[in-house]
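*Asks:* Protein chains in written order, with this note's numbering: chain A, 1 to 82; chain B, 1 to 148.
Now the structure itself:
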């Protein structure tokens with residue numbers, strides 16, 4: 001028996017009548033999917049708000065502390081005299 | 001006014017989804033039942049897999065990719081089964097009860113769903129040669145089981 005015939009035989013074996021589908025499947029799936037979608041949206045919104053707050057806090061701190069400027073010298077350099 | 005439009009869009013989408021489920025659920029549940037090796041009359045695991053895959057299809061329905069919802073749901077079903085199959089390794093009867101979960105996956109996708117070899121390989125994260133080998137072995141084992 002050729003390989004293609006074997007595959008065709010297995011195909012026939014798999015091709016049985018479909019099982020009965022529970023009647024409320026679509027409604028339950030839609031409800032569950034809608035919930036997941038709302039949850040994900042809320043999570044994304046919360047993340048965005050948190051990122052905005054963090055960016056604002058950082059810029060306020062940076063404007064105040066100016067970390068890019070060298071700190072003022074703590075000691076006077078030695079003066080060798082004229 | 002805007003709210004009303006949103007509501008009618010909502011209803012249209014719900015109807016569309018209902019129509020899709022009405023048309024495709026029988027075949028998808030058959031696929032799921034073949035994967036889980038449950039019987040036609042008693043297939044709680046297959047039903048749970050299908051419900052989860054359909055919920056995901058509903059949740060991502062307008063995320064911009066215009067993939068066929070049937071293929072999306074079927075692939076979701078297959079991946080969900082691949083993730084959870086170790087918990088349900090032993091089949092509970094059904095024609096594919098003697099096969100391993102991976103053999104069932106490859107056999108059902110390749111022969112029942114006619115997914116091309118390379119697409120099956122990409123979906124399951126296997127090399128194509130491996131898909132071919134697993135499929136051939138599964139075919140041989142099913143035939144041996146059917147003959148016995």
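Just so it is clear, CB atoms sit at the ideal spot from N, CA and C, and this is done for glycine as well.
#1: Are at least three pairs of beta-carbons, each pair with one atom in the segment 46-53 of chain B and one in the segment 14-28 of chain A, less than 8 Å apart?
#2: Which residues, in order along the segment 55-83 of chain B, keep a beta-carbon less than 9 Å from a beta-carbon of chain A?
#3: Taking residue 237 (chain B) as the query, report the chain A residues whose CB atoms sit under 7 Å from its CB, ordered along the chain.
#4: The alpha helix (DSSP H) with residue 45 (chain B) in it runs from where to where?
#5: With a threshold of 7 Å on Cβ separation, who are the neighbours of residue 138 (chain B) within its own chain once the five nearest residues in sequence on each side are excluded?
#6: At the level of alpha carbons, what is the spacing between residue 62 (chain B) and residue 113 (chain B)?
#7: Can you tell me whether residue 18 (chain A) is helix, strand or coil according to DSSP?
#8: Determine the closest residue to residue 24 (chain A) out of B:41, B:51, B:9, with distance taken between C-alpha atoms.
#9: Check this for me: beta carbons of residue 84 (chain B) and residue 72 (chain B), under 8 Å apart or not?
#10: Would residue 37 (chain A) pass as a contact of residue 53 (chain B) if the rule is Cβ separation under 8 Å?
#11: Could you give the DSSP three-state label for residue 68 (chain A): helix, strand or coil?
#12: Return the Cβ separation of residue 142 (chain B) and residue 109 (chain B) in integer angstroms, given the expectation that the two are a contact with Cβ distance under 8 Å.
*Replies:* Taking the definition as stated:
#1: Short answer: they touch.
#2: Listed in sequence order: 55, 56, 57, 58, 59, 60, 61.
#3: In the structure displayed, chain B extends from 1 to 148; residue 237 (chain B) sits before or after that span and is not available.
#4: Mapped onto the second chain, residue 45 (chain B) falls at position 45. 44-59 is the span of the alpha helix (DSSP H), which, as asked, contains residue 45 (chain B).
#5: As a working mapping, residue 138 (chain B) is identified with position 138 in the second chain. Closer than 7 Å at the Cβ level, and outside the excluded window around residue 138 (chain B), lie 99, 103, 106, 107.
#6: Walking along the second chain from the start, residue 62 (chain B) turns up at place 62. Walking along the second chain from the start, residue 113 (chain B) turns up at place 113. In this structure, the straight-line span from the alpha carbon of residue 62 (chain B) to that of residue 113 (chain B) is close to 25 Å.
#7: Here the question's residue 18 (chain A) lines up with position 18 in the first chain. Correct three-state label for residue 18 (chain A): coil.
#8: As a first step, residue 24 (chain A) is located in the first chain; it is residue number 24 there, counting from the start. Considering only alpha carbons, the answer is B:51.
#9: Sequence index remark: in the second chain, residue 84 (chain B) carries index 84 (1-based). Sequence index remark: in the second chain, residue 72 (chain B) carries index 72 (1-based). Residue 84 (chain B) is not a Cβ neighbour of residue 72 (chain B), given a cutoff of 8 Å.
#10: Indexing the first chain from 1 puts residue 37 (chain A) at position 37. Indexing the second chain from 1 puts residue 53 (chain B) at position 53. Remark: C-beta atoms of residue 37 (chain A) and residue 53 (chain B) do not approach each other more closely than 8 Å.
#11: Along the first chain, one-based indexing puts residue 68 (chain A) at 68. In the three-state reduction of the DSSP assignment, residue 68 (chain A) falls in the coil class.
#12: The residue given as residue 142 (chain B) occupies position 142 in the second chain. The residue given as residue 109 (chain B) occupies position 109 in the second chain. Here residue 142 (chain B) is actually not in contact with residue 109 (chain B); their C-beta atoms are around 15 Å apart, not less than 8 Å.
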